[in-house]
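Student:
There are 2 protein chains.
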Amino acid sequence: MRSLALLAVLLAAPALAQPAVPEPVDSVDPMIGTGGEGHTFPGATAPFGMVQLSPDTDTSCEIRACYGHAAGYRYEDPTIQGFSHTHFSGAGHSDFGDLLVMPQAGSAVKLEPGDPKQPGSGYRSRFDHAHEQARPGYYAVTLSDSGIKAELTAGTRVGVHRYRFPAGQDAHLLIDLRSSLYNYPGKILWSGLHLRPDGTLTGFRETRGWAPGRKLYFAMRFSAPLADHAFVDRDEAIPYKGFQGPGRGSDALAEKLGKALEARLDFGRLAAPLEVKVALSGVDEDGAVANLVAEPGDFDAIRASTRAEWAAALGAVELDGPAPIRTSVYTALYHSLLAPSVWSDADGRYRGPDDQVHRADGYTFRSTFSLWDTFRAEHPLLTLIQPERTSSDVVRSLVDSQRFSPDHILPVWQFAGRETWTMIGYHAAPVIADAYLAGVRGFDANAALDAMVASATYAPYGGLGEYMKRGYVPIDKEPEAASKTVEYAYDDWSIARMARALGREDVAARFEKRAGNWRNSFDAKSGWLRARLSTGAFRTPFDPTAINYGSDYTEGNAWQYSWFVPQDQAGLFRLLGGDAKTVAKLDAMFDYDNSKLDYSHAEDIAGLIGQYIHGNEPSHHVAYLYVYAGAPWRAQERLAQIVGTQYKPTPDGLAGNDDLGQMSAWLVFTSLGFYPVAPGSNEFVIGRPFLDRAVLNLPNGRRFTILADGLSPTNRYVSTVTLNGRPLERTYLRDSEIRAGGELRFTMGPVANRAWGAGKGARPYSLSTSGPR
Amino acid sequence: MRSLALLAVLLAAPALAQPAVPEPVDSVDPMIGTGGEGHTFPGATAPFGMVQLSPDTDTSCEIRACYGHAAGYRYEDPTIQGFSHTHFSGAGHSDFGDLLVMPQAGSAVKLEPGDPKQPGSGYRSRFDHAHEQARPGYYAVTLSDSGIKAELTAGTRVGVHRYRFPAGQDAHLLIDLRSSLYNYPGKILWSGLHLRPDGTLTGFRETRGWAPGRKLYFAMRFSAPLADHAFVDRDEAIPYKGFQGPGRGSDALAEKLGKALEARLDFGRLAAPLEVKVALSGVDEDGAVANLVAEPGDFDAIRASTRAEWAAALGAVELDGPAPIRTSVYTALYHSLLAPSVWSDADGRYRGPDDQVHRADGYTFRSTFSLWDTFRAEHPLLTLIQPERTSSDVVRSLVDSQRFSPDHILPVWQFAGRETWTMIGYHAAPVIADAYLAGVRGFDANAALDAMVASATYAPYGGLGEYMKRGYVPIDKEPEAASKTVEYAYDDWSIARMARALGREDVAARFEKRAGNWRNSFDAKSGWLRARLSTGAFRTPFDPTAINYGSDYTEGNAWQYSWFVPQDQAGLFRLLGGDAKTVAKLDAMFDYDNSKLDYSHAEDIAGLIGQYIHGNEPSHHVAYLYVYAGAPWRAQERLAQIVGTQYKPTPDGLAGNDDLGQMSAWLVFTSLGFYPVAPGSNEFVIGRPFLDRAVLNLPNGRRFTILADGLSPTNRYVSTVTLNGRPLERTYLRDSEIRAGGELRFTMGPVANRAWGAGKGARPYSLSTSGPR
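Protein chains in written order, with full-length UniProt numbering: chain Z, 1 to 773; chain V, 1 to 773.
#1: State the beta-bridge partners of V:G268 as determined by DSSP.
#2: If you count every other CB in all the chains shown that lies within 10 Å of the CB of V:P212, and 16 or more means buried, which is it?
#3: Cα separation between Z:N753 and Z:S144?
#4: Measuring only the C-alpha atoms, how far is Z:R214 from V:Y472?
#5: Under the assumption that V:Q81 contacts V:D58 (Cβ atoms under 8 Å), give the Cβ distance between them as a whole number of angstroms.
#6: Between the alpha carbons of V:Y628 and V:N548, how many angstroms are there, rounded?
#7: Nearest by alpha-carbon distance to V:V329: which of V:N291, V:E318, V:P679 is it?
#8: Report yes or no: is there a C-beta of chain Z within less than 8 Å of the C-beta of V:R208?
#9: Mind listing the chain V neighbours of Z:T422? Cutoff is C-beta to C-beta under 9 Å, in chain order.
#10: Can you pull the DSSP bridge partners for V:L733?
#11: Pick out whichever of Z:K277, Z:D300, Z:F41, Z:A301 has its Cα sitting closest to the Cα of residue 838 of chain Z.
#12: Taking Cβ-Cβ distances below 7 Å as the criterion, which residues of the region 275-290 of chain V are in contact with chain Z?
#13: Would you mind telling me which residues of chain Z sit closer than 8 Å to V:W190, beta carbon to beta carbon, in chain order?
#14: Can you tell me the Cβ-Cβ gap for V:S121 and V:H87, rounded? I've got them flagged as a contact below 8 Å.
#15: Would you check if the region 682-691 of chain Z and the region 293-305 of chain Z touch, i.e. whether three or more CB-CB distances between them fall below 8 Å?
#16: On the three-state DSSP scale, how would you describe Z:T705?
#17: Along chain V, which residues have their Cβ under 9 Å away from the Cβ of Z:E603?
#18: Since Z:D228 is in the beta strand (DSSP E), which residue starts that stretch and which ends it?
#19: Count the other CB atoms, across all protein chains shown, that sit within 10 Å of the CB of Z:S344; report buried if there are 16 or more and exposed otherwise.
#20: Would you report the Cα separation of V:H39 and V:T554, rounded to the nearest angstrom?
#21: Spell out whether any CB of chain V is found under 8 Å from the CB atom of Z:D407.
#22: Could you name each continuous beta strand (DSSP E) segment of 3 residues or more that falls completely within the region 415-460 of chain V, going from the start of the chain to the end?
#23: Mind checking if V:E236 is an interface residue toward chain Z, Cβ cutoff 8 Å exclusive?
#24: Using 8 Å as the cut-off, can you tell me whether the region 751-771 of chain Z makes contact with the region 643-655 of chain Z, which would need three or more C-beta pairs spanning the two stretches below that distance?
#25: Going residue by residue through the region 127-201 of chain V, where are the continuous alpha helix (DSSP H) segments of at least 4 residues, counting only ones entirely within it?
#26: Is the Cβ of Z:V254 closer than 8 Å to any Cβ of chain V?
#27: With distances taken Cα to Cα, identify the nearest neighbour of V:D523 among V:L410, V:A537, V:A501, V:I325.
#28: Can we count V:L449 as close to the ligand ADP, meaning its CB is less than 7 Å from some heavy atom?
#29: Let me see if you follow: with CB-CB separation under 8 Å, is V:P474 close to chain Z or not?
#30: Decide yes or no for the touch test of the region 440-453 of chain Z against the region 383-398 of chain Z: beta carbon pairs closer than 8 Å, at least 3 of them.
#31: Could you tell me the alpha carbon to alpha carbon distance between Z:A263 and V:A678, rounded to whole angstroms?
#32: From the DSSP output, read off the bridge partner residues of Z:P55.
#33: Looking at the structure shown, is V:Q636 part of a helix, part of a strand, or coil, going by DSSP?
#34: Closest by CA to Z:W633, which one among Z:F243, Z:I686, Z:R739?
#35: Kindly say whether V:H194, judged by its beta-carbon, lies nearer than 8 Å to any beta-carbon of chain Z.
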C-alpha cells in the first residue's frame with residue numbers, strides 16, 4: 001500500500017504546476033485541537049499509522065484530571081515529560097502513551113519526571129511554542145532546560161526520533177515504561193526490556209487500561225553505539241523478586257522484567273545527532289524487529305516518504321478558499337485520516353479481540369474503532385475518498401474481529417484489537433452497509449451480513465434480549481435505554497438495507513420491521529423520545545434538559561436524542577405534527593437559553609448552541625434536519641452559525657473531542673456542501689458550501705468539482721444548484737453521482753431561497769416515505 | 001511418538017505370559033515421596049507429560065511454609081483444596097499448581113477454600129488414605145465432606161477428571177484461578193476466562209512466580225452441558241475496573257479478565273459421572289483447544305492409553321527382587337520418567353525463553369530442566385534407556401533454548417520454557433556431551449558445541465568473567481565461589497570431551513585447560529576445597545561444617561564439595577595424599593558425628609549420614625569414590641548403608657527432594673550395580689547390585705542382563721564379576737558395552753574381596769591418569 005501511494009505521488013509530481021497557495025500538506029496545522037477539549041495530539045504520524053509519536057506534557061494526572069490529557073499533550077502546559085509512541089486523536093476516554101522516551105544531557109540522569117511546577121526537579125523539561133513546529137509526519141521542539149533539540153517523524157509502523165545534544169555533554173536517553181495515559185494505580189501489569197547482541201533494544205508492556213490486558217511490543221535501534229546502559233526496576237514494594245539473573249551487581253543486563261521498569265541508555269559525547277528508530281507490534285518482539293526492518297531509511301528518508309504519503313492522502317480533496325477555512329478544512333481532512341489505524345504487522349499478523357495472534361490474509365488489519373462517533377461522517381468520508389485503501393480493510397477488520405470476538409459480535413469501541421465496551425449500539429453495521437451499498441468490495445458480503453445479524457441478536461449485549469422481546473430497551477433493565485432503542489433501530493435498518501441488496505429477503509424483512517422500533521420509545525403526546533419501563537410506562541420524573549451518566553440517554557438528553565431517526569426522519573416529523581412544528585422545535589433547540597444550565601459534570605458536553613451540542617455526536621446531523629422539513633434555507637443559516645462558532649484554525653479550534661475524526665469529518669463534508677445524515681441511504685443531504693471551489697479526486701480517476709459562485713459572508717444562502725449543468729431541485733446527492741464525477745455548482749446569494757427543496761419530492765430518503773431506493 | 005509407543009505395547013502384549021509378579025506399572029507407588037521431604041506428587045501424569053493433574057492439600061502457605069507444599073500435596077494433611085494441573089516432581093523451590101478445580105455438590109457453592117482446621121468453612125474437603133488410590137496415570141479419592149468420588153487421569157497434554165456426585169444433588173465445579181503454589185502476594189499478574197459458543201471453556205493465567213511472567217493457557221470440555229455459570233472477579237481492591245461488557249447484571253459472561261478470577265460451573269443433577277477434559281498450552285488458547293482435540297477419547301480411553309505408555313516406558317527395565325526393593329526401584333524409574341516434560345504444543349509451537357512463540361521443527365520441545373540436579377544420573381539414565389525418544393529431544397530443546405535465550409546461554413533451571421536462574425553451573429554442557437558421546441544424534445553437534453561454549457564464556461553469568469580471568473571465581477566478587485569454580489571446571493571438561501570428538505581441537509585444548517581450574521580453589525595444605533578472595537588468599541574464617549545460603553558453597557559445605565572433581569578424581573586423590581588417606585577421609589565423612597549440628601535453616605539439607613548428605617545432590621557420587629581409591633568393597637558397604645537408610649517404599653521413603661528424578665535415578669543405577677560418576681566419560685562405575693536380576697531392554701532391541709548370584713542381606717559384597725562370561729577386573733563399564741547387550745554377572749558373598757579393583761589399571765576414568773579414552 002505504502003509504496004503504491006508513494007509511487008502515485010512521484011508520478012503525479014512532475015505534472016503539477018508550481019502552486020500559488022501552500023501545498024495541502026503545508027496547510028495542515030496539527031496544533032488545532034490540542035487546546036480546549038479537542039484532545040488531538042501534535043506529534044508525528046503517517047496516514048492511519050500504527051505509531052503516533054508525540055510529546056506528552058503530563059501523564060501524572062489524577063482520575064478526573066486525566067480527561068484533559070487524553071492525548072498526552074495540552075497546548076497550555078509549560079513542560080514536556082517525554083515523547084511516547086501511541087496516542088488517540090480526540091478520544092474522550094483514553095489510554096496509550098506507550099514507551100515514553102526522554103533525552104537527557106550531562107552527567108546526572110534523572111529517573112523521575114519531577115514536578116512541572118519545579119523546573120529541574122526531574123527529567124521533564126520546559127518548552128515554548130516559539131521553538132516548536134508541527135506538520136503532518138513531523139514535530140520538533142527545543143527542550144529549554146537541557147537545550148536538546150528534539151525532532152520526531154513516523155512511518156506506518158515506525159517512529160524516528162532525532163536529538164541534537166548540546167556540544168560537550170554526554171548524551172543519554174531515558175525510557176520510562178511506567179508512564180502511560182490514564183495511568184490509574186495498578187494499570188501496568190507487566191513489562192520487559194531486552195538488549196539484543198546486535199544492539200537492538202526490544203521490550204513489551206502489558207496494561208489493564210481502557211483495553212484490558214493490552215500487550216504492546218517494541219524494537220529500537222540507535223544511530224550511535226550504546227556505551228553503557230542500566231535496566232532498573234523502580235517498584236518500591238516487590239513481593240516476589242525471583243532469582244537474580246546474569247549481571248549480578250550491575251544493571252547492565254540483557255533482560256529485565258517487572259512492573260515499574262526504566263532503561264537508562266548512555267551514548268557518551270556524540271559528534272552527530274542521535275537518531276532512534278522505533279517500531280511497534282501488537283504480536284511480539286520479533287514482530288517489532290521485523291516491522292523495523294520493513295521500513296528502511298533514516299530520519300530524513302522516513303520524514304520525506306511520510307510527507308509524500310500525506311501529500312497523496314490529502315490530495316484526495318483540492319480546496320480553494322480563504323486561508324483560515326482552508327487551514328481548518330485541510331486539518332480536518334488530516335484528522336480524518338488517522339483512524340482506524342493500522343494494527344497488523346508487516347507480515348499480516350495481529351493480536352485480535354481474543355488476545356490471540358491471527359494473520360490478516362491479503363489485507364491490513366485496522367483497529368481504533370470509535371464507532372458510536374465515526375459511523376456518522378468519518379466512515380462515509382473514507383468510503384468516498386479511500387474506498388479500496390481504507391474501507392475494504394475496515395470492513396474486513398470488523399468482520400474478522402467479530403469472528404475472533406469472545407462474544408462473537410462486531411466491535412463497539414475497539415483499539416489495539418481489543419474491545420473496550422465504550423458507548424452503545426452496533427454501529428459497525430451501518431459502516432459495513434454504507435460501504436457495501438456504495439460499491440466497496442473485497443470482502444465476503446454474506447459473511448459480513450451474518451456478522452451484523454449476530455451482533456444485532458446477541459441477547460447479553462446492551463439489553464438486546466429485552467429489545468428483541470419488547471421492541472424497546474426498558475430503562476429498569478438497562479441504562480441509557482432511550483438512546484439504545486433508537487440507535488438499535490437505525491442499525492437494524494442498515495442491516496435490512498444490506499440484506500435487501502444481497503437478496504436475503506428474510507433478513508431484510510425482519511430488520512426492516514425492527515427499524516421501526518424507534519416509535520416504541522417515542523412519546524408522541526409530548527413529542528420527546530423517552531425511556532420506557534418494562535411495564536410500558538414512560539419513566540418519570542422527566543426533564544428534557546438533564547444530562548447524566550447512566551441516565552435515560554447516552555451523553556445527551558431528550559433535546560438531542562429526540563432527533564435520532566436517520567432512517568425515517570419523515571416518520572418522526574409526522575409524529576411531531578408536520579414540517580412547521582418540526583422547524584419550530586428545531587429552532588427552539590438552537591435558540592434555547594442555556595445560561596442557567598450546568599453540564600460541567602459531563603465530560604463530553606461542549607460546544608453548546610442552545611440545546612444543540614456540537615461538541616458531541618448526537619447533535620451532528622440535526623442542522624441538516626431542516627432540509628427534511630422542507631426548509632433548507634434554515635439549515636444554511638444554522639450551518640453558518642455552527643461553522644462560524646465551533647471551528648477555528650487555532651489550538652482551541654475544536655468545540656469538543658475530535659473523536660477519531662468525526663468532528664473533523666463533519667467539517668470536511670459540511671464545507672463541501674453536503675453531509676451523510678443517514679449512512680446506508682447512500683445519499684448526501686445538501687447544506688451549503690463554505691469553500692469557493694473544491695475538487696474530489698476520486699480513486700476511480702474521476703473528478704467531482706464543487707463550485708460556490710459568489711460565496712461571501714453575506715452571500716450565505718443557496719440561490720440555485722446545478723449538477724453537471726442541469727438544475728438540481730432535490731436536496732440530496734446520490735453517492736453514485738459523486739463517483740461518476742462531474743460538477744456541482746452552487747450560486748450563493750444574500751437572500752434565502754425558500755422555494756428550493758420545499759416540496760415533498762425533493763427531500764432526502766426516509767424509510768416511511770421513500771421506501772427502498 | 002505417543003501412538004508409536006502405544007503400538008509397540010499392543011504388539012508386544014499377546015506374547016507376554018501371565019506374570020507371576022505384578023506388572024511394572026502396578027509395582028509403582030506414586031505415594032512414595034509425598035511425605036517427608038520428597039516433594040513428589042501422587043496425581044496422574046503420562047511419561048514426560050505436560051500435565052501433572054494432582055490434588056493440592058494446601059496452597060495457602062506463607063513464604064517458608066511453602067517449602068513443604070512444593071508439590072501441592074503432603075501425605076499428612078487432612079484436607080484437599082482441589083485438583084490442579086501442573087506440578088514439579090520433587091523440586092526444592094516451586095511454582096505451578098495451575099488451574100485448580102474443585103467439585104461441589106448441592107445448592108450452596110463456596111468460593112473460598114476455607115480453613116483446613118474448620119471443616120465446612122470453605123470448598124476444601126477432608127479425605128483419608130483408605131479412600132485414595134494412586135497409580136501411574138491414575139489417581140482417585142473420595143472427598144468425605146461432599147461424598148464426591150474424584151478420579152484423575154492424564155495424557156501427554158491433557159488431564160481428565162471424572163466426578164461421581166451423590167444422587168439427588170446438583171453438580172458444580174469451582175475453578176479458582178487465584179490458587180497457585182508458592183503463592184506470594186502479587187504473584188498472579190493477569191488471568192482470563194472465555195466460554196466459547198460450543199461450550200468449551202478456555203482461559204489463561206500469567207504469573208510472576210519462580211519463572212517471571214509465565215503464561216499458561218487451557219481449554220476444558222465437559223461431558224454434560226453447562227446449565228449456568230458465573231465468572232467472578234474476587235479482587236477486593238481493583239483500581240482499574242474498565243467498562244462493563246455484555247451480560248450486565250449477570251455473571252454469565254462470555255469473557256472475564258482480571259487478577260483474582262473464579263468460575264462457577266453448574267450442571268444440575270446428573271445421571272452419569274461428570275467428565276472434564278482439560279488441555280494445557282504455553283502458546284495460546286487455540287493451542288490448548290488443538291491439544292485437546294489431538295488426544296481424543298474419554299476418561300477410560302485416556303487412562304488405558306496412558307497405562308499402556310507407562311507399561312512401555314517402565315518396560316525398559318525388568319526387575320526381579322523382593323517386593324520392597326522392587327517397589328522402590330520401579331517407583332524410582334517412574335519418577336525418573338517425568339521430566340524434562342513436554343512443553344511444545346501438538347503442532348510443535350512453544351513459548352521459549354524469550355517469551356515468544358517458536359516452532360519445534362521435527363522434535364518435541366521439553367522443559368523443566370533442573371540441571372544442577374539432573375546432569376548427574378537422571379540424564380545419563382534417559383540417555384541410556386530413551387536415547388531417541390528423550391535425549392535427542394532434550395538436546396535440541398537445550399540448544400534451541402540457548403538460541404532464544406535473552407542472554408544466549410543454555411538453560412540453568414528452566415521450566416515452561418523460562419529461565420529461573422536457580423542453582424549454579426552450565427550443566428546443560430555435560431548433558432549434551434554425555435548424550436553425544438553415547439551416540440545420541442538427531443541434532444547439529446557443532447551448533448550444540450557452540451551453544452556450550454557460549455554458555456561457558458558469558459562473562460555476566462555467575463562470575464564467569466572473573467573465572468576466565470583468574471582461573472577461579474573469587475568469593476569477594478561472587479557468592480558460592482568455591483562450588484562454582486569446581487562445577488565450572490567439570491562442565492569445561494565435558495565441553496573439551498565433545499570438542500575433541502568433533503575434531504574441534506582449539507576448543508578442546510582451551511577447555512581441557514579450564515578443566516584443571518578446580519586446583520585453583522583447592523587448599524592442598526588443609527585438604528579442603530575453599531573459596532579464594534581476588535587477592536588469591538583463601539577466605540577466613542573457615543568452617544568445613546558450615547552450611548549457609550550465599551556462603552562459599554552451594555547448598556553444602558567443604559565436606560561435600562571437596563569431592564567434586566568428577567573429571568579427575570585421581571588428581572584430587574594425589575592432592576589428598578593417595579588412596580589410603582582418601583579412604584580415611586571418605587570414612588571420616590560418613591562416620592562424622594553430626595549430633596551437634598543443626599542444618600534446619602537450610603531447606604535442602606536432609607538425609608544425613610555423618611557429613612554425607614544423601615538428600616541433596618553434591619554427595620550423590622561420593623560413595624562411589626572409594627572405587628577410584630582402590631577400595632570397591634568399601635563402596636559396597638556404604639551403598640548398602642545408603643540404600644538401607646535413605647529409601648523406603650513408603651510415603652516418607654525419599655531422604656530429600658527427588659529433584660525431578662535425580663534422587664530416583666541414583667537408586668535405579670545403584671540398584672543395577674553401577675553409576676555414572678562422571679557423565680561425559682561414558683563410563684559407569686561399578687558399585688554393587690541390589691536386585692536378584694535386572695534386564696535393560698535397550699531401544700536398539702538388545703538386552704543387557706544383570707545377575708546377582710547369591711544376593712542377600714549378608715551377602716553384601718561383590719566376590720566376582722563377569723561380563724559376557726569373562727571375568728571383569730576393571731571397576732567400570734563402558735556405555736558401549738551395555739548398548740551392545742550381554743550379561744553382567746555378580747557373585748555376591750559375605751566377605752569383602754579387597755583384591756578386586758584395587759589395582760591402578762582397574763580404575764575408572766580420571767583426566768590426569770587416563771587422558772582421553
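We treat Cβ as the ideally placed atom computed from N, Cα and C, and that holds for glycine.
Tutor: Short version:
#1: V:A171
#2: buried
#3: 57 Å
#4: 47 Å
#5: 6 Å
#6: 30 Å
#7: V:E318
#8: yes
#9: F243
#10: V:F684
#11: Beyond the ends of chain Z as shown, which are 1 and 773, falls residue 838 of chain Z; an answer cannot be given.
#12: D284, E285, D286
#13: L189, W190, E206, R208, G213
#14: Not confirmed; about 25 Å, so no contact.
#15: no
#16: strand
#17: Chain V residues near Z:E603: none, gap ~14 Å exceeds 9 Å.
#18: 228-233
#19: buried
#20: 20 Å
#21: yes
#22: none
#23: no
#24: no
#25: none
#26: Before going on, a small fix: residue 254 of chain Z reads as Ala here, not Val. Cβ-Cβ to chain V under 8 Å: yes for Z:A254.
#27: V:A537
#28: Ligands displayed in this structure: none; no statement on the ligand ADP is therefore possible.
#29: no
#30: yes
#31: 44 Å
#32: Z:F83
#33: helix
#34: Z:I686
#35: yes
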